[in-house]
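Asker: The structure follows.
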Amino acid sequence: MSTRGQFNTKNPTIKRILKEASELSTSPSSDYHAEPLETNLFEWHFTIRGPPEPSPYAGGIYHGRIVLPSTYPLRPPSFRFLTPTGRFEVNREICLSISGHHEETWQPAWGVRTALVAIRSFMDTDAKGQLGGIECSRDARERMAKDSGAWKCAGCAKSNAEIMQEREELVKEIEEKDGKRKDEQVPEELRLAYRDELGKEGEEDKKVDKGKQRAVESSAEAASSASPSEPAPAAPVTVPSRPAPTVPIVRPTRTTTAPPPQQVAQRSPDLAWIDTCIYGVVVALLFMVLKRFV
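Structure representation (structure tokens):
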């Protein structure tokens, strides 16, 4: 392998990756294949067959990428499909018990082979809002499966059908020498983890559905109470009589201008004798005038 001299083979992660790559090459399967890129041991390309009949993916051959973390196998790899399947989104990480989205269920004893067997087994399950999963009709999935063999990866420079044909021929040669091997099975721990995952997702979906149903029911009740179809006759209600409020009657009035207030001049006591003299003079003049005419 051309990448061997580019990495420290004493590193536990590198040793594990090289071991798995060698094992997949010398013990091939006619249902799947995976190998690292020549330039990067941590990026692999895989090719798998769809599950057998009556699966809508039967006859399909799908291609994808695997990215191994630097701490592999202590942490799980991530997977994404490059070929349209109708089950997983194209070129987006998928969420499974064996992927990086569920590190708590991953076991270091598992490897790339175990993951590929699990992915192939889990393809027939429903997406149920799963990250990277999609819902699609059976006809669309069968059509994608039919077209998947001719899909060609630019990096591998081979079609999916060509890759699996090489695996079949290699498996046939090995079986002629050593006999037919036993089919790989998904580990029971992985099956249980996946069931728990589906159970949690199912419970969440039920809670969401119940919440939506309650919201719809409450909306319907509010609408029915707001606009009833046949309004019921209202019962007579006796309202206690209250005295009518007294409203003052406004009548037109004539506007009169009030005379300015008379100012009473207070005189000083020192000037009182002057007033007395003036009065006396006036009386004397009147007396003289009257006497003249009489």
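The sequence shown begins at 1 in the UniProt record's numbering and counts up by one. Where a beta carbon is used, it is the ideal one built from N, C-alpha and C, also for glycine.
Taking the alpha carbon of Leu41 as the reference point, which residue from Cys136, Asn8 and Ala154 has its own alpha carbon closest?
Answerer: Looking at the Cα atoms, Asn8 is the closest of the given residues.
Asker: Starting from Ala109, follow its DSSP beta bridges and name the residues at the other end.
Answerer: DSSP output for Ala109 lists no bridge partner at all.
Asker: In this structure, how does DSSP classify Ala21 when only helix, strand and coil are distinguished?
Answerer: helix
Asker: Buried or exposed: Leu285, going by 16 or more other Cβ atoms within 10 Å of its Cβ?
Answerer: exposed
Asker: Could you name the residues that DSSP lists as bridge partners for Arg49?
Answerer: Residue pairing by DSSP places Arg49 opposite Ile61 in a beta bridge.
Asker: Only counting the same chain, and skipping five residues up and downstream in sequence, which positions put a Cβ closer than 8 Å to that of Glu43?
Answerer: Pro36, Leu37, Arg65, Ile66, Val67 and Leu68
Asker: Could you have a look at Pro293 and say whether DSSP puts it in helix, strand or coil?
Answerer: A quick correction: the sequence has Phe, not Pro, at residue 293. Phe293 falls in the helix class under three-state DSSP.
Asker: Answer yes if the segment 160-170 comes into contact with the segment 84-91, meaning at least three C-beta pairs across the two stretches below 8 Å, and no otherwise.
Answerer: no
Asker: Phe88 and Gly155 look like a contact to me (Cβ under 8 Å); what is the Cβ gap, rounded to whole Å?
Answerer: With 8 Å as the limit, Phe88 and Gly155 do not qualify as a contact, their Cβ atoms being about 19 Å apart.
Asker: Mark Arg195 as exposed unless 16 or more other C-beta atoms lie within 10 angstroms of its C-beta, in which case mark it buried.
Answerer: In this predicted model, Arg195 has a pLDDT of only 49, less than 50, meaning its place in the structure is not dependable enough to derive any value.
Asker: I'd like to know whether the C-beta atoms of Arg120 and Ile48 end up nearer to each other than 8 Å.
Answerer: Annotated as proximal: Arg120 and Ile48, with beta-carbon spacing under 8 Å.
Asker: From Arg141 to Ala115, what does the alpha carbon distance come to, in whole angstroms?
Answerer: 22 Å
Asker: Between Ala161 and Ala150, how many whole angstroms is the CB-CB distance? I'm expecting something under 8 Å.
Answerer: 7 Å
Asker: Would you tell me roughly how many angstroms separate the C-alpha atoms of Val281 and Leu290, rounded to the nearest one?
Answerer: 14 Å
Asker: Please name the residue, chosen from Ser27, Glu23 and Arg16, that lies closest to Asp178 on a Cα-to-Cα basis.
Answerer: Ser27
Asker: First and last residue of the alpha helix (DSSP H) that includes Ala145?
Answerer: Arg138 to Ser148
Asker: Between which residues of its own chain and Leu24 is the CB-CB distance below 8 Å, once the five residues before and five after are set aside?
Answerer: His33, Ala34, Glu35, Val112 and Arg113
Asker: Using a threshold of 8 Å, state whether the C-beta atoms of Leu74 and Pro108 are closer than that.
Answerer: Their beta carbons are under 8 Å apart, which means Leu74 touches Pro108 by this criterion.
Asker: Could you tell me which residues DSSP puts in a beta bridge with Lys152?
Answerer: Ser159
Asker: Which value, in whole angstroms, describes the spacing of the CA atoms of His63 and Lys10?
Answerer: 31 Å
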